[in-house]
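Protein chains in written order, with our numbering: chain A, 3 to 282; chain B, 3 to 282.
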């Protein structure tokens, strides 16, 4: 018997025109919380796989690419990131990467669904054990409301969210980026996961305009994530002062598998058809 | 009614563990030649799609990435590429890119299946019309035999082949690379498409060892191709003299959508987990 999970991938017109199917050995966990449906599969090709509402969030075979790139690019851009907020990120992967920096004093995780954290602790120990770092404070809270309540607090806000549907939809709105700007210190940086520049060009353009509205400086970088739609993923940076092409943090995390100081820079080299999203 | 094409993607263990499915509007063409099964579909997301033996060869939405990168990187590395051999490439995309250089005097296409060329001319005019360039000579021939018959002839050999199964399997063997070395002039360059560095790590390592055996210099670069397995694709260079990180050709082709002189260089920046293929 063959068991397959199929993701109907989110494309621009919001009809299903592309699917990725992954053969699975076993369904390790599956539950509907009040917010979403959570599943963990054991796959043949990609290790364990976390799925929320039918959308692949991570696999243990390629999550290092996404988490290293969403964390280390802003962490090494800022000269001394000490107080970090992660919005979403209940799997723990971004916490794990941020906690590699000895200069970090506090990591706040604002995750809306307690069950995601519990699932990761139990089924994805490569990520979930990061929560045991004593610098980590977990808040089960709506990230939009939490950010709105704070001013001049964080060096870095990382928006590590699912797609702009379901519980995460408000994390892709202009008002949220203005609140993040206010919640950051005067030299603060925001980094968000920014979907596929190939399948989500209109969304990418909207996010660009929203972030430009809130922050004086916008940057955009790329990384391949095989189990995300199109295989090419993107991240956007809103920065008050620092330029990620001139990293200010000398500390380089050890044992990275995708990130390197050279990759940090080359990730910002955009091909013309992606530059067009921001210029036409 | 929904019509879908599903590719069972080639993974390391040669069992099917990942599939990409693409919703199609129409089957434009489908035929079994003595060598392979050819199909052209009209898709919702990726324009027209050429499929050989069940494997996606190109879509009109993303073929520019693959063809620009397999052609312009070696073309701009060599100081004056005049005589070019393309092995495979019966769709015409690589011919189209190479023919953008006014200094090119002759482009020989060694394609084993006449029907691929006819199909591209008829159903993929964005690629197939490239054959009308008067500098192009089409040879319907086994590329392995053709290369074996020539010495000191070409400035550049581009191996634009399908996966190492079916008619293309001999294009991935060490003896073929030695023959390419002999068929090249004394400063010649070979570029081959080199599969996915994520799903085909063992194959990539074998190709590396085979090319290193034939050529004094080996280089390896990356580009995202959404409709190829894992979405991340790779190219290998065997070079007698030139270093692609120091391009010698001042001519820059106009109207490229993926390639740029900056992308040319950043494509060689390899993340640690891919560097590991060549060092461990």
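Where a beta carbon is used, it is the ideal one built from N, C-alpha and C, also for glycine. None of the values given here were measured: they were computed from a predicted structure.
task = Note down, in chain order, each residue of its chain lying with its Cβ closer than 8 Å to the Cβ of residue 230 of chain A, except the 5 sequence neighbours on either side.
result = Around residue 230 of chain A, the same chain offers 58, 68 and 198 as residues with beta carbons nearer than 8 Å, after the five sequence neighbours per side are excluded.
ask   = Roughly how many angstroms separate the alpha carbons of residue 45 of chain B and residue 8 of chain B, rounded to a whole number?
value = The straight-line gap separating the alpha-carbon atoms of residue 45 of chain B and residue 8 of chain B is approximately 12 Å.
query = Hey, would you say residue 89 of chain A sits closer than 8 Å to residue 173 of chain A, going by beta carbons?
reply = Yes, they are a contact pair.
query = Hey, is the region 255 to 263 of chain B in contact with the region 275 to 282 of chain B, meaning 3+ C-beta pairs nearer than 8 Å?
reply = They do not touch, by the three-pair rule.
ask   = So residue 237 of chain B packs on residue 188 of chain B, CB below 8 Å; how close in whole Å?
value = Contact doesn't hold; Cβ gap of about 23 Å is too wide.
query = Taking the alpha carbon of residue 251 of chain A as the point to measure from, which residue in A:270, A:82, A:33 and A:56 has its own alpha carbon closest?
reply = With distances taken between Cα atoms, residue 251 of chain A lies closest to A:82.
query = When burial is assigned at 16 or more other CB atoms within 10 Å of the CB, is residue 257 of chain B buried or exposed?
reply = Residue burial annotation: residue 257 of chain B is exposed, with fewer than 16 other C-beta atoms found within 10 angstroms of its C-beta.
key: Beta-carbon spacing of residue 240 of chain B, residue 192 of chain B below 8 Å   = Taking C-beta atoms as the reference points, residue 240 of chain B and residue 192 of chain B count as a pair closer than 8 Å.
request  = Can you tell me which of B:245, B:190, B:128 and B:215 puts its alpha carbon nearest to the alpha carbon of residue 93 of chain B?
outcome  = Distance check between residue 93 of chain B and each of B:245, B:190, B:128 and B:215 places B:128 closest, using alpha-carbon atoms only.
request  = Can you pull the chain B residues whose beta carbon is under 7 Å from the beta carbon of residue 13 of chain A, in chain order?
outcome  = 47, listed in chain order.
request  = Could you please give me the residues that DSSP links to residue 85 of chain B through a beta bridge?
outcome  = Under the DSSP definition of a beta bridge, residue 85 of chain B partners with B:108.
inquiry  = Using a Cβ-Cβ cutoff of less than 6 Å, which residues in the same chain neighbour residue 73 of chain B once the five nearest sequence positions on both sides are dropped?
reply    = Cβ within range, chain order: 96, 99 and 100.
ask   = Is the CB of residue 1 of chain B under 8 Å away from at least one CB in chain A?
value = Outside the shown range of chain B, which is 3 to 282, sits residue 1 of chain B, and nothing can be said about it.
key: Reference residue 111 of chain B; option with closest CA among B:55, B:149 and B:227   = Among B:55, B:149 and B:227, the Cα nearest to that of residue 111 of chain B belongs to B:149.
query = Does the Cβ-Cβ distance between residue 233 of chain A and residue 226 of chain B come in under 8 Å?
reply = Their beta carbons are under 8 Å apart, which means residue 233 of chain A touches residue 226 of chain B by this criterion.
ask   = Using a Cβ cut-off of 7 Å, which residues of the region 252 to 278 of chain B contact any Cβ in chain A, in chain order?
value = Going along the region 252 to 278 of chain B in chain order, one finds 258, 259, 260, 262, 264, 265, 268, 271, 273, 274 and 275 with a Cβ nearer than 7 Å to chain A.
inquiry  = On the CB-based measure, 16 or more other CB atoms within 10 Å of its CB, does residue 282 of chain B come out buried or exposed?
reply    = By the neighbour-count rule (16 or more Cβ atoms within 10 Å), residue 282 of chain B is not buried but exposed.
request  = Classify residue 78 of chain A as buried or exposed, calling it buried when 16 or more other Cβ atoms lie within 10 Å of its own Cβ.
outcome  = Buried is the call here.
Per-residue contacts from residue 232 of chain A into chain B (C-beta, under 7 Å) = Contacts between residue 232 of chain A and chain B, judged by CB atoms closer than 7 Å, involve 228 and 233 in chain order.
message = Distance check for residue 141 of chain B and residue 117 of chain B, CA to CA, integer angstroms please.
response = Taking the straight line joining both Cα atoms gives about 13 Å.
Beta-carbon neighbours of residue 200 of chain A, restricted to chain B and to distances below 7 Å = Simply 228.
task = Return the residue from the list A:28, A:14, A:21 and A:11 that minimises the CA-CA distance to residue 3 of chain A.
result = Nearest option by C-alpha distance: A:28.
request  = Could you work out which residues of chain A lie near residue 21 of chain B, taking near to mean beta carbons separated by less than 9 Å?
outcome  = For residue 21 of chain B, the C-beta contacts it makes with chain A under 9 Å involve 6, 8, 21, 22, 23, 24 and 25, in order along the chain.
task = Over the uninterrupted alpha helix (DSSP H) stretch that includes residue 265 of chain A, give me the two end residues.
result = Segment 263 to 268, the alpha helix (DSSP H) holding residue 265 of chain A.
message = The beta strand (DSSP E) that contains residue 140 of chain A, what's its start and end?
response = Element bounds for residue 140 of chain A: 138 to 142.
task = Report yes if the CB atom of residue 86 of chain B is closer than 8 Å to the CB atom of residue 119 of chain B, and no otherwise.
result = Cβ atoms of residue 86 of chain B and residue 119 of chain B: not closer than 8 Å.
query = List, in order along the chain, the chain B residues whose C-beta lies closer than 8 Å to that of residue 18 of chain A?
reply = Correct list: 25.
key: Per-residue burial, residue 11 of chain B [other beta carbons within 10 Å of its own, 16 or more giving buried]   = Buried, because 16 or more other Cβ atoms sit within 10 Å of the Cβ of residue 11 of chain B.
Sheet register partners of residue 47 of chain A (DSSP bridge) = BP columns for residue 47 of chain A are empty, so no partner.
inquiry  = I'd like to know whether the C-beta atoms of residue 40 of chain B and residue 47 of chain B end up nearer to each other than 8 Å.
reply    = The beta carbons of residue 40 of chain B and residue 47 of chain B sit no closer together than 8 Å.
inquiry  = Which same chain residues end up closer than 7 Å to residue 247 of chain B when comparing Cβ atoms and leaving out the 5 residues on each side of it in sequence?
reply    = Excluding the 5 residues flanking it on each side, residue 247 of chain B has same chain C-beta neighbours closer than 7 Å at 267 and 270, in chain order.
query = What do you reckon, are the CB atoms on residue 42 of chain B and residue 131 of chain B nearer than 8 Å?
reply = The answer is no: Cβ separation not under 8 Å.
inquiry  = For residue 52 of chain A and residue 126 of chain A, which I take to be in contact (beta-carbon distance under 8 Å), what is that distance rounded to the nearest angstrom?
reply    = Approximately 6 Å separates the beta-carbon atoms of residue 52 of chain A and residue 126 of chain A; this is inside 8 Å, confirming the contact.
query = Does the separation of the CB atoms of residue 215 of chain B and residue 185 of chain B fall below 8 Å?
reply = Against a cut-off of 8 Å, the Cβ pair of residue 185 of chain B and residue 215 of chain B comes out as no contact.
request  = Could you check the C-alpha separation between residue 156 of chain B and residue 249 of chain A for me, to the nearest Å?
outcome  = If you draw a straight line from the Cα of residue 156 of chain B to the Cα of residue 249 of chain A, it is about 44 Å long.
task = Kindly indicate which residue of A:24, A:228, A:179 and A:205 has the alpha-carbon position closest to the one of residue 160 of chain A.
result = Proximity to residue 160 of chain A across A:24, A:228, A:179 and A:205 peaks at A:179, based on C-alpha coordinates.
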